[in-house]
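One structure is given here, and the rest of the page talks about it.
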Amino acid sequence: MSEEITVSNNIILQANAFICFAQVAESIATTSKRTEKAALLGDYFTKLSDNKLVLAARYFSGYIFPLRDQRTINIGGAALLTAMTNVSGAEKSEIQEKIVKKGDPGDVAFEIFNKNFQVEQHQPTLTLFELSEKLEELATAKGTKRKISLVTDLLKLATPLEAKYIVKLLAGDLRIGLKEGAVEDGIARLFKIPVAKVQWVNMLTGDIGETAILARNKQLDTAQMRLFHPIKFMLASPVTDLTEVAKQMPSGFAVEDKYDGIRAQVHIARASEDQEILHGTVCHNRRVAIFSRTLDEITLSFPDLTSPLADLISLESDVGEAHGLILDGEIVPIRGKEILPFQELQKRLGRKKVSQELLNDVPVAFIAYDVLYAQGRVLINEPFQTRRTILESLHLNSERVRSGIHKRFADISSLDEEFAAARGRGNEGLMVKDLNSTYKPGRRGRDWLKVKRAIATLDVVVTAAEVGTGKRSRFLSDYTFAVRKSETDPTLLNVGKAYSGLTDAEVTELSHWFRAHTLQELEHGRVCVVEPKMVLEVTFDRVQPSERHNSGYALRFPRILRVRNDKPAEEIDTLETVRRLAEVVPDSPTAKPHLEDEESFTKERSPRDINTTPTLEAARDAFKAFVERIKAQQRLVILHDSDADGVTAGVVLQLALSRAGFGNVTRVIPDRERNAWTPANRKQVQAAAPDYLFVLDLGSQSEPVIPGIPTCFIDHHRPEGVPPGDTLISAYTWNPVPNTSLIVWELSKVIAEVSDLDWIAAIGTISDLGEKAPFEMLGVAKTQYTAKYLKEATTLINAARRASYYDPEVAAKVLLTHTSPRDIVNSNAAEVEQLRSARAEVKAAMDEARKAAPVFAGNVALVQINSPCQIHPLIAQSWRTRLPKYIVIVANSGYIPGRVNFSVRTNSGINVLDFLGNIGLSEGEGNYGHGHDFASGGSLPVERWQELLVKLRFEQLTLKTS
Ligand code: AMP
């Protein structure tokens, strides 16, 4: 074997010199053809002896150690930057700036080291072997300071070109268009072996270096499966429409719950002594390792799973699973049998050490849904149904280790039901799997389809972090984030900026992380351009074209759903997805407008300027502080909306305050205008002479309802302000956004025992968010009282404000004098009779109004009705789905004499607030254009309504009046 290699410009280098590796890498970077890359690699590999080939194959794959090795270098961008500054003598800020511009610290190292490079002092001397020794030392070194000093020493030995590749290796990516797959390809071509075989052996051994040697020595067939190195995870493709499932898997499929936790791969085997550098920990003489989706070891974060997992394999026998197991599944937070929401688990993530207290507070379980190795066999090439049978034979049914729900279906007819049931169990949705499919590591194919929640979300990566305002002014709490240009082009394009949705603890943790991973500080450290590694899942009201970001799109009102520590930046969403989302209108529990009320008092204004309560805990504190100011004999007035959510909220709060010992509590319901700030409604409140005022479900503004009266607003609409000194409890930024009665019920627990009032709150929830709203309380209430009675009671309660006589107080009275929804539905009480006839009236009015046909002008569809009942929102809703391309306006000239009340809804994606705002109606009486992006409305005197019609080009119409 010749030890020399000729690289470009006919330079002859010793093959084992690191400079030779760097030169080959340079040549590979300049060609885009895979075959040429493989040929260059092959040439180089032939010149290396076995122990050098091991290193070169690993380094070209971007690994420093084999995958199964526990050691990591663990050096952050900031530490690397300091080392580069130490050696080059350049200004840190200058280097930072260049990294931001070039995007690759290795390229920057080359440039700055070249500047002050003195040839005579820096002959290339490093060998591959020496470098490997230094890297091993670096892996075992403790503390950032020590690591920086070792990297500094190493870089001092290097020429600029060597430094370039050392820095690239330390940063974890060579960026020469070569990944592990291409190295496998190179090995296959060089030794004339099918690439699939090389891939297989690489998967078995978990070391591309060892694979290369086995290939060279024609020993691939002798390779044995080695546990304790992660196998890449098989991924799923999203579908939004179940018919896609039918198309993809016409002859049947398996359906599983999509658990909302973190993906984990578990390796378990008997422990033996020669395994000390392997991943995992030893427990009961077994070794257990858990890997995350990013292939990082996370065993230490879940010490409570080690023992139950270890116990899965037997120590005595030598059959079956005694050989070891690899399971694929999800770690989820639990309470006994029940699986809790992901938010619970978040408390346990990102910690180096988990305290006993936290282990007690947030227990977790591992839910296995696949098995990759068992009975001494690698199973990934077995069909899914075989793997599932093997998984079931393991009988995983303890509290901490379970196998996931799995059913088989021949067609999609019952999938809707399954989806609802999975959501009911608190899971994200469904996974649909092809029964005959093999397990394809690292591939996102169509063998696994994910049917997620309807809510649109994007996985994005943070590119810049900015200090926040108020109590977050000490933290980097506002994040600009980006998507990838495409699956193949990793260029990042910004799409938005978000600051809400995370807890204070999460923000604190992220802030530290961003400081440690800052590439460039701007505005004196207020804005930091950061390493694009932190993945967030965000939701939003909608996606719209925008000049503000370089993607050409912006997310409106983005909210962070969660930090995706488990997702690598390579897997974030692409511009294509953003483009698709820009074309559709979101229709989801959180993004969906408040359907029942078209006149809620929200405007285009960022809630950021207003001090909202970011969590239920914060809300409870604020509520408690407000109530503690009140003396038992003082007069309390609750002003609440007239729909079922408002009335139930009012009744729950009234009962809770009475139970807490306040003897003087009154409720007030606004008139048909449903606006707390109109003179008539203010007058009503004033007449009740409050010492303290609660305003529920009616929005919030910076103007007081009654000046001088301390007020507590409890609400879930977008807040517009809060009067100075008053309290605003807003759930607008929570995820999912609860309705007002639910918030009130939760808050009431602070002052009284209210568990028996759950059904009242549940009626409000069903009215606003539907019976499938994702709240635990609703699930419990449905079990206890049944969905049937709850829904029927909801319709009755709502009838009171829809009927022509508009008397929501009847509904309140019914709630106060009955003990359950069933009690209401079966009641003979006069008030319930009144609600029944109200419902009959509303139904008849709806039947009549449904006959009205729309007329069209441009993109507006106008339906005119004339009804004394408040049914225009319902009619607008039904036309909205039938006319998805139009802005639907349903105008009711019979609701308030002399006025036209109208509801505006659309599925077209056009923002109706902007649309109404741009009509340019002259100033005058009435109001319109509040509410939500896709649901608004108004109440105008007849003349102004007619002016509006003209503006909308409906000149020919004459107004229908009663
Ligand atoms: P996503 O994270 O949205 O790309 O969805 C894919 C993820 O769903 C996987 O990586 C798993 O973490 C998770 N998942 C939950 N339940 C299952 C299941 N039954 N089968 C496969 N993956 C699941």
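Numbering (my numbering) for the sequence shown: 101 to 1062. Built from N, CA and C at the ideal position, the CB exists for glycine as well.
Integer-rounded CB distance, given that residue j should sit under 8 Å from residue i
| i | j | result |
| --- | --- | --- |
| Val583 | Ser651 | 7 Å |
| Asp1064 | Ile505 | With the chain covering only 101 through 1062, there is no way to say anything about residue 1064. |
| Leu254 | Lys234 | 5 Å |
| Ile851 | Thr748 | Between Thr748 and Ile851 the Cβ distance is about 18 Å, and since that is not below 8 Å, they are no contact. |
| Ile965 | Ala949 | 4 Å |
| Ala756 | Ser848 | 4 Å |
| Pro433 | Val464 | 6 Å |
| Ala789 | Arg735 | 6 Å |
| Ser193 | Phe213 | 17 Å between Cβ atoms; not a contact. |
| Arg508 | Ala346 | Not a contact, Cβ separation roughly 15 Å. |
| Ile806 | Val822 | The Cβ separation is near 14 Å, so there is no contact. |
| Lys133 | Ala282 | The pair is not a contact, with the Cβ atoms about 11 Å apart (cut-off 8 Å). |
Cβ shell of residue i (< 7 Å), same chain only, five flanking positions each side left out
| i | result |
| --- | --- |
| Leu619 | Gly177, Gln196, Ile199, Val200, Val629, Val630 and Glu631 |
| Ser706 | Low confidence applies here, because Ser706 scores a pLDDT of 37, under 50, leaving its location unreliable; read the following figure in that light. If we look at Ser706 and ignore the five residues flanking it on each side, it has no Cβ neighbours. |
| Arg546 | Ser337 and Gln348 |
| Ala900 | Asp907, Pro908, Val910, Ala911, Leu935 and Ala938 |
| Ala893 | Ile863, Pro921, Ile924 and Val925 |
| Ala838 | In the sequence as presented, Ala is not what sits at residue 838; that position holds Pro. Result list for Pro838: His816, Ala831 and Phe875, in chain order. |
| Ile248 | Ala179, Thr182 and Ala183 |
| Glu566 | Leu576, Asp578, Arg626 and Val627 |
| Ala288 | Pro294, Val295 and Val298 |
| Ala780 | Asp771 |
First through last residue of the alpha helix (DSSP H) which encompasses residue i
| i | result |
| --- | --- |
| Phe1085 | Outside the modelled stretch of the chain, which goes from 101 to 1062, sits residue 1085, for which no answer is possible. |
| Tyr905 | From DSSP, Tyr905 is part of no alpha helix (DSSP H); its letter is neither H nor E. |
| Thr580 | Taken as a continuous stretch (DSSP letters only), Thr580 belongs to no alpha helix (DSSP H), being part of the beta strand (DSSP E) at Leu576 to Arg584. |
| Gln786 | Pro779 to Ala787 |
| Thr130 | Phe118 to Thr130 |
| Ser537 | Looking at the DSSP string, Ser537 is not in any alpha helix (DSSP H), and its letter there is neither H nor E. |
| Leu755 | Ala744 to Arg759 |
Contacting residues, own chain, Cβ-Cβ under 6 Å from residue i (five flanking each side not counted)
| i | result |
| --- | --- |
| Leu681 | Ala556 and Val643 |
| Gln299 | Glu284 |
| Ala616 | Gly176 and Ala178 |
| Lys692 | The predicted model places Lys692 with a pLDDT of 29, which falls under 50 and marks its position as unreliable; any figure quoted below should be read in that light. Closer than 6 Å at Cβ, skipping near neighbours: no residue. |
| Gly761 | Ala732 |
| Leu395 | Pro330 |
| Ala991 | Gln964, Val1000 and Phe1002 |
| Asp709 | Confidence at Asp709 is low in this model, with a pLDDT of 39, below 50, so its placement is unreliable and the value that follows should be read with caution. Excluding sequence neighbours, Asp709 sits near nothing in its chain. |
One or two residues paired with residue i in a DSSP bridge
| i | result |
| --- | --- |
| Thr886 | BP columns for Thr886 are empty, so no partner. |
| His817 | DSSP lists no partner for His817. |
| Lys597 | Thr580 |
| Glu501 | Reading off the sequence shown, one finds Val at residue 501, where the question assumed Glu. In DSSP, Val501 forms a bridge with Phe466. |
| Ser1003 | Val990 and Gly1037 |
| His506 | Glu356 |
| Tyr995 | None, per the DSSP bridge assignment. |
| Gly429 | Ala364 and Ala468 |
| Leu592 | Arg584 |
| Thr240 | In the DSSP output, where bridge partners are listed per residue, Thr240 has none listed. |
Sequence-distant residues of its chain with Cβ nearer than 8 Å to residue i (five each side left out)
| i | result |
| --- | --- |
| Thr981 | Asn1007 |
| Leu479 | Val471, Leu472, Tyr473, Thr486, Arg487, Ile490 and Tyr539 |
| Val219 | Because the pLDDT of Val219 is 41, which lies under 50, any placement of that residue in the model is unreliable, and the question is left without a value. |
First through last residue of the beta strand (DSSP E) which encompasses residue i
| i | result |
| --- | --- |
| His972 | It is not in any beta strand (DSSP E) - His972 instead sits in the alpha helix (DSSP H) that spans His972 to Arg982. |
| Met531 | Gly529 to Lys533 |
| Val355 | Phe353 to Lys358 |
| Ile989 | Ile987 to Asn992 |
| Leu1052 | No beta strand (DSSP E) contains Leu1052, which DSSP labels as neither H nor E. |
| Asp559 | Thr557 to Val567 |
| Ala961 | Val960 to Ile965 |
| Ile512 | No beta strand (DSSP E) contains Ile512, which DSSP labels as neither H nor E. |
| Ala209 | From DSSP, Ala209 is part of no beta strand (DSSP E) but of the alpha helix (DSSP H) over Pro205 to Lys215. |
Residue-chain proximity (residue i, chain B), Cβ-Cβ < 8 Å
| i | result |
| --- | --- |
| Gly1026 | Absence of chain B from the displayed structure is noted, only one protein chain being present. |
Sequence ranges, alpha helix (DSSP H) only - wholly within the segment 832 to 869, length at least 4: Residue ranges of uninterrupted alpha helix (DSSP H) with 4 or more members, entirely inside the segment 832 to 869 and ordered along the chain, are 840 to 848 and 858 to 869.
Quick check on the DSSP output: what are the complete beta strand (DSSP E) runs of length 3 or more inside the segment 600 to 641, in order along the chain? 618 to 622, 627 to 630 and 635 to 639
Where in the segment 384 to 427 do unbroken runs of the beta strand (DSSP E), each at least 3 residues long, occur, reported from the N-terminal end onward? Runs found: 386 to 392.
Within the segment 306 to 352, ranges of the alpha helix (DSSP H) (whole runs, at least 4 residues): 308 to 316 and 342 to 348
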